[in-house]
Amino acid sequence: MNRKKTASAVVWRGVTHAMLLAGSILFAAPFIWLLSTSSKVNDELYPPKWIPQIPRGVIESPYIDVRDNERPLKPVLVSVEDWQRLFLPVCDAISGAIEGYRDEFPEFYGPFLTNRVWAEAVFARLLRRAPDVVFTKMNSEATAWFVENTTPKLCREVFDTVYRRVALSDVVLHGWDLSIERPTAGANFSWRVVDGDAVVVSRPEGLDRPGQEVRYSFAKRGSFRVETILPTAMRLEDLKRVVVSNHCDRSWHTLWATVEMEGRKFVSAQSAFSGTDLWQETTWQFASEDDDSIKMKTWLRLEAAGVSEFVEPGKIRVTVEYRYAPRIFATFNKYTDNYRKALRIAPMTLYVRNSVLLVLLNVVGQVLGSSLVAFSFARLRWPGRDACFFLVLATMMIPPQVTMIPVFLIFKELGWYNSLKPLWVTSFFGGAFNIFLLRQFMLGIPRDLEDSAKIDGCSYFRIYRSIVLPLIKPALATIGIFTFLYVWNDFMGPLVYLTDQRLYPLSLGLFALQALQGGAFSYGLMMSASVMMTVPVILLFFSAQRTFIQGVTLSGLKG
């Protein structure tokens with residue numbers, strides 16, 4: 001009998017632990033997805049995957065590769081048998097068709113004509129318009145349809161998407177007076193290699209955009225530099241920013257810029273990454289007051305680096321350096337890129353500072369105010385005490401939407417609109433739920449302690465400070481955690497009372513970040529900012545969960 005009971009207890013314990021583990025995984029899944037998405041670029045969002053892509057270790061470029069969402073996938077209405085039967089023959093047929101167009105392609109296509117990745121990318125593009133009935137036909141008929149639709153134009157379009165390369169083109173100069181100079185207008189590119197194992201090759205045709213391709217190898221050296229010298233009518237003090245159009249090879253190597261003009265040198269204080277496979281406009285701006293403003297900072301900062309030997313009048317020298325990132329560092333660059341952008345683009349440190357300030361003031365206010373009021377309800381006897389306590393509880397039944405406008409008008413009359421005062425001053429008057437929680441906790445304290453203190457000559461405030469507060473620490477910690485969660489996540493209060501972006505807390509700052517992005521919305525960027533907002537809450541709960549649970553469970557017990 002005892003053995004059966006022991007076995008039953010072990011089984012029940014195992015089932016309970018399994019259920020708890022399953023529940024933990026279930027509730028942790030949204031945060032894991034949030035964390036995973038924060039390390040993704042936009043083209044990784046579909047098809048959805050839990051683990052972000054790990055960059056390949058790129059030592060030489062250019063090369064051929066394809067995104068996960070550009071690979072051929074089985075159409076929904078096509079059977080698995082037909083798909084497996086036709087996949088390899090169709091890819092082989094498309095590869096043969098591509099090689100047959102050799103004479104119609106530019107010469108630099110040659111080394112990649114037999115690359116299977118190119119054929120699979122063409123196959124994926126054709127699947128968008130291939131009728132499902134094609135897959136029910138014999139191999140020869142099915143492959144004939146794909147070969148017939150594999151045109152040179154389609155092959156060129158697909159090649160441009162799978163051809164990973166580093167290329168440079170236009171340089172645009174912006175002045176502080178909003179003037180713009182385009183010294184490279186008309187494809188007048190003049191980039192040249194000044195250091196490293198690299199070669200610049202002009203690509204006027206064969207790709208969607210002309211530019212100067214940089215064929216590099218990091219096998220022997222860990223960096224290379226390319227530069228261009230351009231004419232400009234601007235003076236150094238009038239120049240605001242330099243914009244360089246560059247095509248990246250998805251290697252996640254780092255980019256650094258140096259700008260030299262009128263005998264002075266400026267270097268980039270922040271790195272860019274070769275993380276996409278598209279053309280991008282990388283902007284470097286000279287250090288100014290804009291760096292400390294609340295503007296959306298889409299630029300990388302240029303800082304003074306002393307004297308330069310380049311003194312040609314009316315000329316500017318722009319140097320771009322590519323530094324090799326081993327695969328582990330390339331992965332780190334990719335996984336942290338959205339976090340770096342969030343911290344750089346928006347004044348996140350300012351938002352965090354405002355949130356921390358509001359949290360501290362509200363926690364102190366609620367703990368102090370609620371404990372004092374609860375002490376008077378629990379330990380003092382005065383006329384109308386129970387009626388007043390009933391009124392306090394009754395305020396919990398009033399929806400906050402009802403009192404929002406009257407309270408707003410009161411604060412506006414006090415001159416507190418567009419300040420942080422409405423968001424923390426009221427906490428020093430306590431909260432109805434917090435008062436109720438502390439009162440219940442204080443009722444469990446034996447009155448003998450209070451009577452002994454009175455005999456020793458303690459005042460009511462001394463009793464509150466020296467006897468009651470030490471005994472209700474779990475309840476105070478619970479109130480502090482509840483207050484932290486509410487204030488940290490509060491969105492409506494700051495939205496109603498604040499218009500100055502310099503006063504925004506983190507919750508409203510995320511909304512501002514989303515609005516500032518406009519059409520260039522990045523889910524990864526928003527998820528990274530959301531992770532930074534969520535992590536403090538999780539850390540607080542896990543570090544104080546025992547005190548939190550103790551404060552909740554003991555608040556209704558009487559001694």
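Under the numbering used here, the first residue of the sequence shown carries the number 1, and numbering increases by one thereafter.
All residues carry an ideal CB built from backbone N, CA and C; glycine is no exception.
Let's test the definition: count the other Cβ atoms within 10 Å of the Cβ of residue i and tell me whether it reaches 16, buried, or not, exposed.
{"i": "M19", "result": "exposed"}
{"i": "K40", "result": "buried"}
{"i": "L300", "result": "buried"}
{"i": "K558", "result": "Because the pLDDT of K558 is 45, which lies under 50, any placement of that residue in the model is unreliable, and the number read from its coordinates should be weighed accordingly. By the neighbour-count rule (16 or more Cβ atoms within 10 Å), K558 is not buried but exposed."}
{"i": "T228", "result": "buried"}
{"i": "G556", "result": "Its pLDDT being 47, under 50, G556 is placed unreliably by the model, and the measurement read from it follows with that caveat. Answer is exposed; the Cβ neighbour count stays below 16."}
{"i": "L539", "result": "exposed"}
{"i": "E141", "result": "exposed"}
{"i": "N246", "result": "buried"}
{"i": "Y46", "result": "exposed"}
{"i": "P72", "result": "buried"}
{"i": "F375", "result": "buried"}
{"i": "I463", "result": "buried"}
{"i": "K265", "result": "buried"}
{"i": "P204", "result": "exposed"}
{"i": "T282", "result": "buried"}
{"i": "D208", "result": "exposed"}
{"i": "V10", "result": "exposed"}
{"i": "A394", "result": "exposed"}
{"i": "Q366", "result": "buried"}
{"i": "Q592", "result": "Nothing can be reported for residue 592, as the shown portion of the chain is limited to 1 through 559."}
{"i": "T254", "result": "buried"}
{"i": "I33", "result": "A quick correction: the sequence has Trp, not Ile, at residue 33. Exposed, since its Cβ has fewer than 16 Cβ neighbours within 10 Å."}
{"i": "N362", "result": "buried"}
{"i": "M526", "result": "buried"}
{"i": "I94", "result": "buried"}
{"i": "A7", "result": "exposed"}
{"i": "G566", "result": "Absent from the structure is residue 566, since the part of the chain shown begins at 1 and ends at 559."}
Could you spell out the range, first to last residue, of the alpha helix (DSSP H) harbouring residue i?
{"i": "Y339", "result": "R327 to I345"}
{"i": "K153", "result": "P152 to V162"}
{"i": "K412", "result": "P400 to E413"}
{"i": "I455", "result": "R447 to I455"}
{"i": "R439", "result": "A432 to M442"}
{"i": "C388", "result": "R385 to A394"}
{"i": "P494", "result": "M492 to Y497"}
{"i": "G480", "result": "K473 to N489"}
{"i": "R462", "result": "Y460 to I463"}
Residue i lies in the beta strand (DSSP E); which residues open and close that run?
{"i": "P231", "result": "S223 to P231"}
{"i": "Q285", "result": "W279 to F286"}
{"i": "N298", "result": "Here the sequence assigns Thr to residue 298, which means Asn is not the residue at that position. Segment: none, T298 is in no beta strand (DSSP E) and carries neither H nor E."}
{"i": "R317", "result": "K315 to R323"}
Look up residue i in the DSSP assignment and give the residues it is bridged to.
{"i": "D195", "result": "R225"}
{"i": "G172", "result": "Strictly speaking, residue 172 in this sequence is Val, with Gly absent from that position. DSSP lists V243 as partners of V172."}
{"i": "K265", "result": "E260"}
{"i": "S202", "result": "Q212"}
{"i": "L372", "result": "Partner(s): none; L372 has no beta bridge."}
{"i": "A167", "result": "E213 and H247"}
{"i": "E303", "result": "V267"}
{"i": "E181", "result": "L173"}
{"i": "L255", "result": "A272 and Y322"}
Among the options, whose alpha-carbon lies nearest the alpha-carbon of residue i?
{"i": "V407", "options": "L236, L423 and H174", "result": "L423"}
{"i": "T478", "options": "W488, V487, F511 and N434", "result": "N434"}
{"i": "D177", "options": "V200, M234 and I398", "result": "M234"}
{"i": "F286", "options": "T232, W252, H174 and M396", "result": "H174"}
{"i": "D291", "options": "V244, D103, K240 and P326", "result": "K240"}
{"i": "I316", "options": "S190, I94, I481 and Q401", "result": "S190"}
{"i": "T276", "options": "N333, T534, S268 and S288", "result": "N333"}
{"i": "E157", "options": "T136, G206, R164 and I180", "result": "G206"}
{"i": "T488", "options": "P446, N354 and L513", "result": "For the record, residue 488 in the displayed sequence is Trp; it is not Thr. Looking at the Cα atoms, N354 is the closest of the given residues."}
{"i": "E237", "options": "G263, T483 and P75", "result": "G263"}
{"i": "T349", "options": "K220, P48 and L503", "result": "L503"}
{"i": "S271", "options": "V311, R56, P231 and R323", "result": "R323"}
{"i": "M397", "options": "G384, L409, A432 and G369", "result": "A432"}
{"i": "K74", "options": "V90, R447 and S36", "result": "V90"}
{"i": "T403", "options": "M442, R379, P313 and V496", "result": "V496"}
{"i": "C155", "options": "G57, N115 and D170", "result": "N115"}
Exercise. Hey, which unbroken runs of the alpha helix (DSSP H) at 4 residues or more fall wholly within the segment 61–140?
Worked result: 80–100 and 116–127
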